[in-house]
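Quick notes on the structure that follows.
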Amino acid sequence: MNSMHTLPVGSDYIRILPEIVLTIFGMIIMLLDPLMDEERSQKLLGGLGLAGTIAALLSTWLMAEDPGFAFWNMVRVDAFSVFFHVLVIAIGLVSILTSYEYMRVQRIRAGEYYGLILFGLVGMCLMSSAVELVLIFIALEISSISTYILAGFRRRAATSSESSLKYFLLGSFATAFFLYGVAMMFGATGSTNIDVISAALRGPSIPVLAYVGVALMFIGLGFKIASAPFHIWTPDVYEGAPAPVVGFMSTAPKAATFAVLLRVLFEANAPGRYWLIWVSAALSMTIGNLAALVQNNVKRLLAYSSIAHAGYMLVAFAAKPDLGAPTIMFYTASYAAMNVGAFAIVSHLANRDERYVTLEDYSGMGRRSPMLAGIFTIFLISLIGIPVTGGFFAKFYVFSAALQSGLVWLTIIGVINSAIGAYYYLKIIVVMYMKEPREEVPVLPVSPSLGAALALCLIATIYLGVLPGPVLDYTQRSAKNLQPPPVDRMAAVATLHQ
Amino acid sequence: MTNLNSSILSLVTFIPAAGALLLLFIPRRDRDIRIFALIISLLTFCLSLYLPAYFHRTQTSFHFEVDQQWISTPNIHYHMGTDGISMWLVLLTTFLTPLCVLISWKSIHERVKEFFILLLVLETALIGVFLALDLFLFYFFWESTLIPMALLIGIYGHGRKVYAAVKFFLFTMIASVFMLAALLWLYAKTGSFDFVTIQNAIHSGQVDGFATAAPWLFMGFFVAFAVKVPLFPLHTWLPDAHVEAPTAGSVLLAGVLLKMGTYGMLRFNLGLFPEQARSNAPWIVILAIIGIIYGALVAMVQPNLKRVIAYSSVSHLGFVVLGIFSFTQAGLDGANFVMLAHGVATGGLFMLAGIIYERKHTYEISEMGGLATPMPTYASFFLFILLASVGLPLLNGFVGEFLVLTGAFQDRAIYGVLAATGVIWSACYLLWMYQRVFFGKVTHPENNSLTDLDAREQLALWPTAVAALVMGVAPLLWLNIIDPAVATALAPFAEVASKVAGQ
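Those protein sequences? They're chains A and B, same order as listed. The first sequence begins at 162 in the numbering used here and counts up one residue at a time. The second sequence begins at 852 in the numbering used here and counts up one residue at a time.
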C-alpha cells in the first residue's frame, strides 16, 4: 500500500492504464479532427476510436494482473472494477461500431464524436474503480459532460438540442445533489474514503447527517440511472438524442453508476438505504412499465423500458449485499447486451434524419428484412425476460435474490410488472410480423460494422441465456470484494487518514 | 444400448431444435424445407419409441435420468427423467409433430422456413416441459413454448390472428409469473430446484414456514396450470387462439399444450402439495364439472367448425381435471388416458377442419352441408375420429372417460352423475355438427366441386385413426405403464387420508 506522501510509482499508473489509453486516443482524435475533411475524418477517426477501445480492453487485462490500491487509496483495482471496466469499454466498442454507419447516413461530421465516447468511457471506468467520494464525483462529471454533448449531436434537429440542454441542466442539478451528499457524509464521518466511512458507520451510533448524506447521494445517482422519481428527463432526452448514443448512454453510464451505487450503498454500509431503495424500485418498475404501454415512438418506448429495468436492478439493491451485488452485476451485463443491440437496430431503421421511429414504421419488417426483424425479436424477448436469453436469467436472479432476502412484496410487485412489461415489447414483435406496412419504408443494406455490432450483442445475449454460469461465478467472486472490509485493513486505512 | 439410456432424453428433446438451427442455413426452397422438417420430426418420433421399448414397469423411480449441473449458483441442474405419466405425453408430442408437418405441406406457402423453424422449436420446448425434473428447467421450457406458439398464431393464422396471439401470450405469461414466484420461494427455502429433493424436503417437513406459505404456493402453481388447461373461467383465450391459429398450431395447441397444464397439476400440485390439493379439491372439482357442462353447451351453439372443436376441448379437459382431483387410482389413470386420447382425437379433428378450410377458406358450418356426397373419404375419416372423440366404446375416448367417471363416483357420487351428462352432451353437439356438415343435400352448389382427400392428407390422417382404434381396443398397453406411476403419485394421499382419519 502506498503511503500518503510518496510520489506515484509505476504500479499506480498500471492500475489506471485503461483510462490513460482511452485519454490518449481521445486526444489524438480531437487533434486530428480539424485537419481532415468530413469524409476522411469519419473513416479514420472512427477506426481510431475503435482501436482505442480495443487497446483499452487489452490494457484492462494488464491492469487486472496487478490488483491493489493506487494513488493514495483513491483507486482500487479488484475483480469488481475489472468487471465494470470490461463491460463499459465493450459497450463503447459496440457503440462505435453502430455509430459508424449511422453518422454517414445522417451526414453528421463525426470526428470528435468518437473522441467524446472515449472521454466518456474514461469517466465511467474511473467511476468503477474509485473508492473515494470526491474522485467518484470527478469521474461522474467526466462521464456526464461527454454524454451531454453526445446527446446533442444531431445538430440539425431541434429535438436533439432540446435533449442535450435538458439533460445538461437537470444533470448538473442532480450532480449538485450528489456533491452535497458527499459533503454531508464528510461531516458525519470525517472522511471521503469509502473504507473509512464504512468503519465509521458500523459504530453503535450513526449520526443523522449520514442519513441525509446517503439520501442526497442517492438522489444524484438515482438521476443517472433514470430511476423514478428522478426519471422525468429520460423519455425526452432519449427521444431527441441520436439512436446509437441512446444505446450507449442507457447502458454504459448506467452500469458505471450502478458500480458507484454498489460501492456507496454496500461497501460503505450506508444506513437507512432500505426504504429509499424499496420505494424507488417499486416506483421505477411501475411508472416505467405503465408509461411504456402507451408509447408510439419506439425510442420513447425503450426509454420507459429502461426506467423499468432500472427498477428491477434496484430490487436487487434492497436484497442482502452478498446476494444482490452479483445479481446487479449480471443484470447490467445482460441489459447492456440486449439494449445496445436493440438500439443498434433502431438506429439502422431510423434512416436519414431519424424519420422512421414510430411503431407503424416497423410494420411488415418481418417480411422486408427477416434477418433484422429476427434479431430484434431476440433482443425484445430478452427484454421481456423469456428463456434462452440473458434477460431471463437476469430477471430470474433478481427475483430469486429478493425472495431469499425476504422481500416478498417487492418481488410480487416486480413479477406483476414484468408481466405488464411483456405487453409493449410484444407489441413491437406483433407489429413487425403481423401488420402490413402502410407506406413503403426503405431499409438500407446492413454495413459490415453494424453487422459486427449486432453479432456481438446477439452472441452475448444468447451466451448469457444459455451458459450464465461463468459470468455469474465471476460476479460472485468479485462481489466478495464489496463486503465491508475486514477490521485490520480498516484500521490501517483509518490511521493513514488521521 | 445402455449408452443410449443416459442420452436418449436429451436426444429426443434437442433434435428438433438442432433441426431448426440447420433449417436456418438451408436455402429458401420450400419443398426442401418441408422435406427436411418432416425427416427431422420423423427421426424424433422414431427415437422416442426407444422410451416405451426400454421402460421397466417395476421401476418406480424416474427412468433414463440425466442429472448434470448446469449453473452452480443458483443451484440449477439439467435434470431430465421420465415416468409412466410423462413418457406418453412425450410420445404424443413426437407423434403429432410429423402429422403437423404433413398437414401444413400446402396450406403454408409464405414464410415457409420460419414456420417450420417455429414448429420444431416448439416441439423441443414441449418435450422439455414433460421431461424436466428441475423446477427451473421446467419453467425454462414452459416459457419457451410461449413465443413460438404466439408467433405461429399471429403470423400464420387468419382473421383476428393478432388479437388471438396477444391474448394467448398475455394470459399464459401473466399466469406463469405466479408459478415463478412460487418456485423461487421454494428455492429460497430449500436451496435446490430439484423436484425430487424438494419433494423429499417437503414430505419430511424440513422446509421452514412451509405450513403458512403452502396455500399460496399451491395457488401460484395452480393458476399457471389452470390457465393452460384451461379451467373455467380462465378459458376465454382458448376459442380465440384455436379459431385463428393455423391447423398445425391448433393441433399442437389442443393436442399437447393444454396437457402441459394438466400434467403440471399432476406432477407439481399433487406431487408437492398433497394436503393443499386435498383441501382445495372441492372447488376445483366443481369448476371442472362446470367446465365439462359449460364447454359442451357452448360448443353446441357454435356456428363455426373450429369453435365447436375448441369448446369440446374445454369440456374434455374438464374430465382430466376431475380425474386428477378425485385422488383415486381409476380417476388418475383415466385422466392420463384422456390426455392422450384427446390429443389424438382432437388433433385429428383439427386436421380435418384444416383440410376443409384449405378448400373453402371458411369454418362456418352454414357454408357446408351435404359434404358426404362430394367427399366420401373425408366424411368417413371425420366420422371415425369424431366417434373416438364422442367416446364410442372400442375407440380411445371411451376408456379414459369411463375410468374418470369411475373415479369420480368413488370420490363422491354427485360428481360422477353430473360429469356423466357431459358424455351425453358431447355426443349431442358433435353428432349434430356432423349431421349439419355432411348429411342431406348439397346446399351450396359450389361445394359439389370439392375434391376428396389426396394421398398426403390421408397419410396425415391414417395414423390418428389407427391410434384411436388401437388405444380403444388395447388400452392396457398404455395403462400398464401409467398405472404404477399413478400409484406412486397417489402414495402421499394415502398418508394424508390416514392423517385426517386419525385426527
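Even for Gly, the Cβ is constructed at its ideal location relative to N, Cα and C. The model shown is predicted, which means the values in this text are computed figures rather than measured ones.
Residue-level contact check: A:K641 does not touch chain B, since none of the beta carbons of chain B fall below 9 Å from its beta carbon.
By the C-beta density criterion, A:T336 is buried, having at least 16 other C-beta atoms within 10 angstroms. Taken through DSSP and simplified to helix, strand or coil, B:Q920 comes out as strand.
Distance check between B:Y1162 and each of B:Q920, B:L1183, B:L1082 and B:M1116 places B:L1082 closest, using alpha-carbon atoms only. Going by C-alpha positions, B:T1302 is about 40 Å away from A:E600. Contact check for B:A1039 against A:L564 passes: the beta carbons are separated by less than 9 Å.
At the C-beta level, B:F896 and B:T945 come within 9 Å of one another.
For A:A583, a Cβ of chain B is located within less than 9 Å of the residue's own Cβ. When rounded, the separation of the alpha-carbon atoms in B:M931 and A:W394 is 49 Å. A:A291 and A:S256 have their C-alpha atoms roughly 24 Å apart. Excluding five sequence positions before and after A:K460, the CB atoms of its chain that fall closer than 6 Å to its own CB belong to Y399, E400 and V518, given in chain order. Counting only residues of its own chain and dropping the five nearest sequence neighbours on each side, B:V1094 has a CB closer than 8 Å to the CB of G1010, A1015, N1155, K1157, R1158, A1161 and Y1214. CA-to-CA, the gap between A:V576 and B:V1321 works out to about 46 Å. Between B:I922 and chain A, the shortest Cβ-Cβ separation is below 9 Å.
At a cut-off of 9 Å between beta-carbon atoms, B:M1024 makes contact with chain A. Within the segment 208-219 of chain A, contact with chain B at the beta-carbon level (separation under 9 Å) is assigned to no residue.
DSSP, reduced to helix, strand and coil, places A:G433 outside both helices and strands of the structure shown, so it counts as coil. With respect to A:S307, A:F280 sits close: the two C-beta atoms are nearer than 9 Å. Looking at the DSSP output, A:R237 sits in a beta bridge with A:F230. A:Y473 has its alpha-carbon roughly 20 Å from the corresponding atom of A:A431. Interface annotation for the segment 990-1002 of chain B against chain A: Y990, F991, F992, W993, E994, S995, L997, I998, A1001 and L1002, criterion Cβ-Cβ distance under 9 Å. In this structure, the straight-line span from the alpha carbon of B:W993 to that of A:V549 is close to 12 Å. Among the residues of chain A, those whose CB is under 7 Å from the CB of B:W1036 are L564, following chain order. B:T1098 is a Cβ neighbour of B:I1206, given a cutoff of 9 Å. In the DSSP assignment, A:Y492 falls outside any beta strand (DSSP E) and lies within the alpha helix (DSSP H) extending over P482 to A511. Residues of the segment 626-640 of chain A with a C-beta atom less than 7 Å from some C-beta of chain B are P629, G630, L633, D634 and Q637, listed in chain order. Taking C-beta atoms under 8 Å as the contact rule, A:I269 and A:R315 qualify, at a distance of about 7 Å. For a Cβ distance threshold of 9 Å, nothing in chain B lies close to A:M446: the least Cβ distance comes to about 13 Å. Distances from the alpha-carbon of A:L615 to those of A:Y523, A:A497 and A:F230 put A:A497 closest. Look at the segment 466-488 of chain A: it has no residue with a C-beta under 7 Å from a C-beta of chain B.
Our two residues, B:L894 and B:S955, have alpha carbons roughly 18 Å apart in a direct line. For A:F186, not one C-beta of chain B is nearer than 9 Å to its own C-beta. In this structure, B:L1148 keeps its C-beta atom at 9 Å or more from the C-beta atom of B:V1172. Boundaries of the beta strand (DSSP E) harbouring B:H928: I927 to T933, taken from the DSSP string. Proximity to B:M1070 across B:G1199, B:V1017 and B:E1126 peaks at B:E1126, based on C-alpha coordinates. The C-beta distance from A:M346 to A:G383 rounds to 16 Å, too long to fall under 8 Å, and the pair is not in contact.
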